[in-house]
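**Student:**
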Amino acid sequence: MTEEKKKLQEELGALQVFMTPVEDEPEAAHGLATRAELVEKIRFLGQDVLDGVKFGFDNVVDQLKVLNPTVELNTEGLSMLKR
């Protein structure tokens with residue numbers, strides 16, 4: 001029994017060291033304990049970035065339309081930022 005307890009304590013210690021945050025770890029990664037949580041966080045942040053890029057792109061297009069009302073802007077086929 002003591003041998004098993006010692007082995008479990010060693011495994012627990014190794015896991016705690018493994019889960020210790022590194023010095024330059026981003027705030028968004030704090031509290032994540034599993035790979036699934038990490039993947040979900042990455043997806044969430046990726047979608048957030050994409051939404052920001054789409055907003056910025058649409059904003060620039062709208063500004064160009066205001067400054068150039070007689071010009072027909074064609075943004076069709078521009079990768080993920082299709083209008």
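Take 1 as the starting number for the sequence shown in UniProt numbering and just add one per residue. Where is the CB? At the ideal position from N, CA and C, for every residue including glycine.
Relative to the C-alpha of Leu78, which residue among Leu67, Phe57, Ala33 is closest?
**Tutor:** Minimum Cα distance to Leu78 is reached at Phe57.
**Student:** Quick check on Thr2: does DSSP put it in helix, strand or coil?
**Tutor:** Reduced to three states, the DSSP call for Thr2 is helix.
**Student:** Using a threshold of 7 Å, state whether the C-beta atoms of Val61 and Thr70 are closer than that.
**Tutor:** Cβ atoms of Val61 and Thr70: not closer than 7 Å.
**Student:** Just the C-alpha distance for Pro21 and Val66, rounded to the nearest angstrom, thanks.
**Tutor:** Their Cα atoms are separated by approximately 49 Å.
**Student:** Quick check on Val22: does DSSP put it in helix, strand or coil?
**Tutor:** Note: Val22 maps to coil in three-state DSSP.
**Student:** Using 7 Å as the threshold, is the C-beta distance between Leu38 and Leu45 below it?
**Tutor:** No.
**Student:** When you compare each of Glu3, Leu8, Thr2, Pro26 to Ile42 by their alpha carbons, which one comes out closest?
**Tutor:** For the residues Glu3, Leu8, Thr2, Pro26, the minimum Cα distance to Ile42 belongs to Pro26.
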